[in-house]
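Okay, structure first, notes after.
In my numbering, the protein residues as written are -10 to 175.
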């Protein structure tokens, strides 16, 4: 499933990594897969496993049948308040950083203004493609004033042959908990 998702790229070469490979849409379908009847994980046990960043394959009943699914999408990133604790956010961050580096490398060995101008133009096209409805890899952020904040300038200590590329963005997270509040009135 991971490879299928990675191969599902759009015209900009961006895979559908806003969706982590977990849950209902990515069932594990090995022939003869069964749950060990001696193992039962209740909510406190599943929470303990999540706290130590262990993702469990779980037999889950859905309205249209039973599936074995990866029960969570946590990474081993230790900061529980960070979006990088989520597998899809980490993948998004790596994709964006690597693609920005590739873009920069493609425009090196030009005059410095050309390097900056061409890198900026291509990077903006790429980052904008990460904000579409089809590939919502980035979320709007009040702190950065939009989906991303990109800055490419000559490096202060080497203004004639080096640039600084700075990019702030907020990668897409993943829904992994629901808190239900209902009111029943007479």
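Heads up, the beta-carbon is just placed ideally off N, CA and C, and yes, glycines get one too.
For this session: Going by DSSP, name the residue or residues bridged to residue 158.
Result: The partner list for residue 158 (beta bridge, DSSP) reads 137.
Problem set entry | Within 7 Å, strictly: CB atoms of residue 45 and residue 57 | Their beta carbons are not under 7 Å apart, which means residue 45 does not touch residue 57 by this criterion.
For this session: Check each candidate in 101, 143 and 155 and name the one with the smallest Cα separation from residue 113.
Result: Of 101, 143 and 155, the residue nearest in Cα terms is 155.
Problem set entry | Best match in 122, 96 and 10 for proximity to residue 110 [C-alpha to C-alpha] | If we check each option's Cα against that of residue 110, 96 comes out closest.
Exercise. Between residue 22 and the rest of its own chain, which residues show a CB-CB distance below 6 Å, the 5 nearest in sequence each way excluded?
Worked result: Around residue 22: 57.
Exercise. How many angstroms separate the CA atom of residue 176 from the CA atom of residue 74?
Worked result: It is not possible to answer for residue 176, since the shown part of the chain is limited to -10 through 175.
Exercise. Using the rule of at least 16 other Cβ atoms within 10 Å of the residue's Cβ for burial, across every protein chain shown, is residue 80 buried or exposed?
Worked result: Counting the other Cβ atoms within 10 Å of the Cβ of residue 80 gives 16 or more, which makes it buried.
For this session: Ignore the nearest five residues each way along the sequence and tell me which others in residue 138's own chain have a CB closer than 6 Å to its CB.
Result: Only 157 meet the Cβ criterion.
Exercise. What three-state label does DSSP hand residue 33 in the structure shown?
Worked result: Shown here, residue 33 sits in a helix according to DSSP, grouped into three states.
Exercise. Which stretch, first to last residue, makes up the alpha helix (DSSP H) that contains residue 43?
Worked result: Careful: residue 43 lies outside any alpha helix (DSSP H) and carries neither H nor E.
For this session: Write down every uninterrupted run of the alpha helix (DSSP H) in the segment 65 to 120 whose length is 4 residues or greater and which is fully enclosed by it, in chain order.
Result: When DSSP assignments are scanned along the segment 65 to 120, the uninterrupted stretches of alpha helix (DSSP H) that are 4 or more residues long and fall wholly within it turn out to be 76 to 95 and 101 to 118.
Exercise. How big is the Cα-Cα spacing for residue 115 and residue 1?
Worked result: Take the alpha-carbon of residue 115 and the one of residue 1: they are about 7 Å apart.
Problem set entry | Host beta strand (DSSP E) of residue 56 (start-end) | Run containing residue 56: 54 to 59, per the beta strand (DSSP E) assignment.
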